[in-house]
Each structure stands twice: as C-alpha cells, then as structure tokens.
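Okay, structure first, notes after.
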Amino acid sequence: MGAGKTTIGRHLAEMLSWHFLDSDHEIEKRTGATIPWIFDVEGEAGFRRREEAMIAELTALKYVVLATGGGAVLREANRLHLRQRGTVVYLETPVAMQLERTAHDKNRPLLQTQNPQKKLSELLEIRDPLYRDVAHLIVP
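When you read off a place in the sequence shown, starting at 1, and then add 398, the result is the number in our numbering.
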C-alpha cells in the first residue's frame, strides 16, 4: 500500500511495450463500484473473493504488467497464480514512505483509522513474509 506499484508498473509496461493492468482498477471498472464501497457493503472478505477471481483471470493473460492491491498476497491462491504465471517484484517500502504517499487518500479503506501509521505497521508485519515468499525479485 503506497509502495508505488501502479506508478512503477505503468513505466515498466511502457518500457516493455506491454499492457498495464491494475487489479483494483479492473474490479472497480467491472463492478461500477469503488473499492471503499465494496468494503462497506461486502466487507474485506467479499472484496478479497472478488480480488482472487480477478487475479486468476488477469494472471492468465500474456504480455501484461499487473499491479495488485497490497493485500493480494493474503490469499494462497493469489500467491500461487502470481508466482507460477509471472515474475513478481516486491517493492519494499518503509512505513514512513507509505504513510506519506497515502496520507490524503480516502480510497484506502484499511487506513481510515485513528492511527494509520500503526495500521500500516501491522499490515506490513503480516504481509512482508508473504511478499518475500512470492517475490522473484525484491527492490529495496
């Protein structure tokens, strides 16, 4: 979250002359709903089910740079699809930088809390080992 996946992914896709896709944007485009709305109505579990189906579909495509949501690695099926069907790059980003990049972004449901820095630290503690496990390349 706030690592720069979309920004760097767009540049990489351009350099490779590939398509760039963002799983969160694809979910929003196809449902006509925002991620925060999906979280409000379906909860995180409902969103993760949609995300899993989207990642299964998008990782089957060729010549695509795919940016996923930061929590995509929480589901084993996503980790398997990502690792087996492509090259995964983990953009290792300090919490302070993530906080700076996401401070005014209301489209991040998990950060709509009194202490977003604490929440980012908690998320990173859970997700970091999963990112490392799935990544082919880690960019510090």
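From the three backbone atoms N, C-alpha and C, an ideal C-beta is built for every residue, glycine too.
Under DSSP, the beta strand (DSSP E) around residue i begins and ends at which residues?
| i | result |
| --- | --- |
| Y488 | V487 to L489 |
| L535 | L535 to V537 |
Just to confirm my understanding: we take residue i, look at its own chain, exclude 5 residues before and 5 after, and list those with CB closer than 6 Å. What are they?
| i | result |
| --- | --- |
| V486 | L480, V532, A533 and H534 |
| Q515 | L497 |
How would you label residue i, buried or exposed, when you count the other beta carbons within 10 angstroms and need 16 or more for buried?
| i | result |
| --- | --- |
| Y461 | exposed |
| K403 | buried |
| R448 | buried |
| V439 | exposed |
| L466 | Looking at the sequence provided, one finds Thr at residue 466 rather than Leu. Result: buried. |
| D422 | buried |
| G430 | exposed |
| I524 | exposed |
| V537 | exposed |
At what residues does the alpha helix (DSSP H) containing residue i begin and finish?
| i | result |
| --- | --- |
| A475 | E474 to R483 |
| V532 | P514 to V532 |
| L464 | Segment V462 to A465 is the beta strand (DSSP E) holding L464; no alpha helix (DSSP H) there. |
| H423 | S421 to T429 |
Quick one: what's got a C-beta closer than 7 Å to residue i's C-beta in the same chain, skipping five residues either side?
| i | result |
| --- | --- |
| R506 | M399 and T500 |
| A411 | H417, F418 and V463 |
What does a CB cutoff of less than 8 Å around residue i pick up in its chain, not counting 5 residues either side in sequence?
| i | result |
| --- | --- |
| A451 | none |
Using DSSP bridges, identify the partner residues of residue i.
| i | result |
| --- | --- |
| H502 | The partner list for H502 (beta bridge, DSSP) is empty, contrary to what the question assumes. |
| H417 | V462 |
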